[in-house]
Amino acid sequence: SAQFVPPYTEECQTGMYPPKGPTFKGPVTWYTIDLDLPPSERWKLIITDKKAALVNMIQAIKDLANAFVPSGKLIDLVDKDLPLIVNTLPYPFNEEIKGVATASGVPLGEVVLYNIFYEIFTV
Amino acid sequence: CTSLVAEDSNGNLIHGRNMDFGLFMGWDMKNRSWLITEKLKPLVVNIDFQRGNKTVFKSTNFAGYVGMLTGIKPHAFTLTMNERFSLDGGYIGIVEWILGNRDGMWMSFLTRSVLENATSYEEAKNLLAQTKLLAPAYFILGGNQTGQGCVITRSRVLSLDIWEIELKLGRWYVLETNYDHWKEPLFLDNRRTPAMKCMNQTTQANISLKTVYDVLSTKPVLNKLTTYTTLMDVNKGKLESYIRDCPNPCMPW
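Chains A and B, in that order, are what the protein sequence lines are. Heads up: the first sequence runs through residues 21 to 143, numbered per our numbering. Heads up: the second sequence runs through residues 13 to 265, numbered per our numbering.
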């Protein structure tokens with residue numbers, strides 16, 4: 021197979037753990053979500069901490085969409101029509117998604133898009 | 013993605029995964045990386061979901077993504093999902109949903125419901141295999157007893173196959189990338205063969221979180237789409253995750 025040509029495929033690695041070196045970009049921070057809270061409140065702390073990264077990632081998706089459809093109509097569609105789906109999504113996910121949008125300031129349709137990305141891209 | 017569940021010589025089950033995401037979503041020529049993949053890395057978080065101040069399940073998530081792709085119900089089961097591409101894909105499910113046909117479940121909402129509500133490997137397996145979905149998927153599930161590890165290959169409606177650990181046949185692990193296990197992977201995207209080579213080289217006697225991390229750190233199992241690696245030990249209730257990078261030379265997928 022073409023893919024087995026080195027250096028893209030390498031000998032099985034050993035001694036990589038504990039993670040270190042150039043393939044390790046950092047540890048992952050722990051958070052707690054209290055399922056006893058109302059769904060719209062659950063993600064507040066995480067989104068407060070990660071707001072800038074979330075806005076940045078959504079903007080990159082918008083830039084990409086606008087590169088394909090320069091008129092901006094694709095993002096218009098997301099912003100105007102996807103919020104209509106949110107109330108059809110099952111509880112408590114619909115309320116959590118609304119909470120994420122409120123906490124981040126990202127338009128609801130764009131948060132919905134982020135959350136249903138998998139279903140859109142399985143083709 | 014690459015996910016695996018392996019059983020060590022003492023009957024303990026170990027579950028590992030590389031989360032690969034962002035294919036064809038903008039290539040950064042300067043940094044030779046996928047744009048969305050890099051933007052997702054700062055969003056990776058571990059979450060301890062609690063009720064009454066007690067852990068219900070733990071997950072590795074992208075912040076603000078309310079479904080689950082990687083998680084553990086401590087002392088009960090571990091679960092990851094890998095993307096399964098199909099022409100009968102999720103966009104059809106979305107159209108059906110919009111038209112009012114809402115008997116299917118959104119993939120990541122199902123995995124979250126399973127992590128939240130199922131209490132055993134068997135219950136989780138039945139829910140993942142039998143619930144109608146909006147999109148096809150691979151579910152990789154590990155339990156807490158010998159032989160409890162499987163890959164569930166799902167179409168939107170059916171469970172096409174359940175491939176389980178079978179020690180009697182010498183199958184001490186199951187490993188899934190993004191292709192049906194009974195078919196050859198795409199020749200340009202074969203992470204399965206290198207991953208299996210490393211698992212076989214490791215041997216059951218030496219399998220551990222440490223050696224699974226080694227397997228998941230070997231190119232092209234580790235590639236430019238890899239955002240994080242998660243390792244889970246169900247009996248210890250342990251989940252650990254690491255944000256990854258794949259320095260050049262490295263396969264774009």
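Built from N, CA and C at the ideal position, the CB exists for glycine as well.
Can you grab the Cα-Cα spacing for the pair residue i / residue j, in whole Å?
i        : j        : result
Glu116/A : Asn58/B  : 17 Å
Lys53/B  : Arg29/B  : 15 Å
Gly92/A  : Pro232/B : 36 Å
Ala85/A  : Cys162/B : 37 Å
Met41/B  : Ala87/A  : 16 Å
Thr238/B : Asn218/B : 25 Å
Ala149/B : Lys66/B  : 30 Å
Lys236/B : Met37/B  : 12 Å
Met77/A  : Phe141/A : 17 Å
Ile136/A : Phe33/B  : 14 Å
Ile152/B : Arg114/B : 25 Å
Leu13/B  : Thr49/A  : A quick correction: the sequence has Cys, not Leu, at residue 13/B. Cys13/B and Thr49/A: Cα-Cα distance of roughly 22 Å.
Gly159/B : Glu176/B : 7 Å
Val186/B : Ile174/B : 11 Å
Pro261/B : Ile26/B  : 30 Å
Ser45/B  : Ile255/B : 15 Å
Trp63/A  : Asn73/B  : 12 Å
Gly268/B : Ser124/A : Within the shown structure, residues of chain B are numbered from 13 to 265, placing residue 268/B beyond reach of any answer.
Ile104/B : Gln142/B : 19 Å
Thr49/B  : Phe199/B : 23 Å
Pro39/A  : Glu95/B  : 26 Å
Could you give the C-beta distance for residue i and residue j, rounded to a whole number, given that I count them as a contact under 8 Å?
i        : j        : result
Glu139/A : Leu146/B : 5 Å
Val350/B : Ala207/B : Given a span of 13 to 265 for chain B in the structure shown, any question on residue 350/B remains unanswerable.
Ser220/B : Asp20/B  : 7 Å
Met211/B : Leu16/B  : 7 Å
Thr123/B : Leu91/B  : 6 Å
Leu109/A : Ala75/B  : With a Cβ gap of about 19 Å, Leu109/A and Ala75/B do not count as contacting.
For the ligand FAD, is there a heavy atom less than 8 Å away from the beta-carbon of residue i?
i       : result
Asn76/A : The ligand content of the structure shown is nil, which means the ligand FAD is not present either.
Relative to the alpha-carbon of residue i, which residue among the options has its alpha-carbon at the smallest distance?
i        : options                                   : result
Pro127/A : Val89/A, Lys82/A and Pro112/A             : Lys82/A
Met93/B  : Leu127/B, Glu134/B and Ala75/B            : Leu127/B
Thr215/B : Trp184/B, Asp201/B, Leu243/B and Tyr240/B : Trp184/B
Asn22/B  : Ser71/B, Gln157/B and Leu234/B            : Gln157/B
Val120/A : Pro112/A, Ala87/A, Ser60/A and Asn76/A    : Ser60/A
Trp194/B : Lys180/B, Thr165/B, Asn218/B and Met119/B : Thr165/B
Leu57/A  : Asp192/B, Ile174/B, Leu55/B and Arg63/B   : Arg63/B
Lys85/B  : Lys250/B, Ala75/B, Asn190/B and Ser167/B  : Lys250/B
Leu111/B : Gly129/A, Thr43/A and Ile105/A            : Ile105/A
Asn190/B : Glu178/B, Leu181/B, Arg203/B and Glu134/B : Arg203/B
Asp8/A   : Ala80/A, Thr52/A and Gln79/A              : The structure shown does not extend to residue 8/A, since chain A is modelled only from 21 to 143, so the question has no answer here.
Gln213/B : Pro27/A, Gln33/A and Pro39/A              : Gln33/A
Glu30/A  : Leu234/B, Trp265/B and Asp100/B           : Leu234/B
Phe179/B : Arg124/B, Asn73/B and Ala18/B             : Rather than Phe, the amino acid found at residue 179/B in this sequence is Leu. When only C-alpha atoms are compared, the closest one is Ala18/B.
Phe69/B  : Gly105/B, Ala75/B, Thr82/B and Tyr77/B    : Thr82/B
Trp109/B : Leu102/A, Val131/A, Gly125/A and Tyr134/A : Leu102/A
Met36/A  : Lys222/B, Leu170/B, Val107/B and Lys137/B : Lys222/B
Tyr111/A : Leu99/B, Phe121/B and Gly102/B            : Phe121/B
His87/B  : Glu134/B, Phe97/B, Leu99/B and Gly155/B   : Gly155/B
Opposite residue i in the DSSP bridges: which residues?
i        : result
Cys162/B : Leu153/B and Glu176/B
Thr241/B : Asn30/B and Tyr254/B
Glu31/A  : Paired residue(s): none; Glu31/A is not in a bridge.
Met93/B  : Phe151/B
Arg63/B  : Lys66/B
Met117/B : Leu145/B
Ala18/B  : Ile26/B and Tyr185/B
Val78/B  : According to DSSP, Val78/B bridges with nothing at all.
Phe44/A  : Arg256/B
Trp46/B  : Trp39/B
Asp54/A  : Gln62/B
Thr72/B  : Asn58/B and Thr82/B
Under 8 Å between beta-carbons, which chain B residues line up against residue i? List them in chain order, please.
i        : result
Thr68/A  : Neighbours of Thr68/A on chain B: none; closest Cβ ~10 Å, over 8 Å.
Val131/A : Gly76
Thr122/A : Neighbours of Thr122/A on chain B: none; closest Cβ ~11 Å, over 8 Å.
Leu74/A  : Leu55, Ala75 and Gly76
Phe113/A : Val78, Gly79, Trp118, Phe121 and Arg124
Leu84/A  : Met37, Gly38, Leu47 and Ile48
In chain B, which residues lie with their C-beta within 7 Å of the C-beta of residue i?
i        : result
Glu30/A  : Thr230 and Lys231
Glu116/A : Val78
Pro27/A  : Pro261
Asn135/A : Tyr77, Val78 and Gly79
Pro110/A : Phe121
For residue i, return the contacting residues in chain A, with the cut-off set at a CB-CB distance below 8 Å.
i        : result
Asp257/B : Pro42, Thr43, Phe44 and Lys45
Val68/B  : Leu55
Pro148/B : Thr142
Output, in chain order, the set of chain A residues within a Cβ distance shorter than 7 Å of residue i.
i        : result
Phe61/B  : Ile53 and Leu55
Lys180/B : The contacting residues do not exist; Lys180/B stays about 26 Å from chain A at best.
Cys210/B : Cys32
Lys222/B : Tyr37
List the residues of chain B that residue i touches, going by C-beta distances under 9 Å, in chain order.
i       : result
Ala80/A : Met37, Gly38, Leu47, Ile48, Glu50 and Lys51
Val48/A : Val56, Val57, Asn58, Thr72, Tyr240, Thr242, Glu252, Ser253, Tyr254 and Ile255
Who are the neighbours of residue i on chain A, taking C-beta pairs under 9 Å?
i        : result
Tyr103/B : Glu139, Ile140, Phe141, Thr142 and Val143
Ser167/B : Under the 9 Å cutoff, chain A gives no residues; its nearest Cβ is about 11 Å from Ser167/B.
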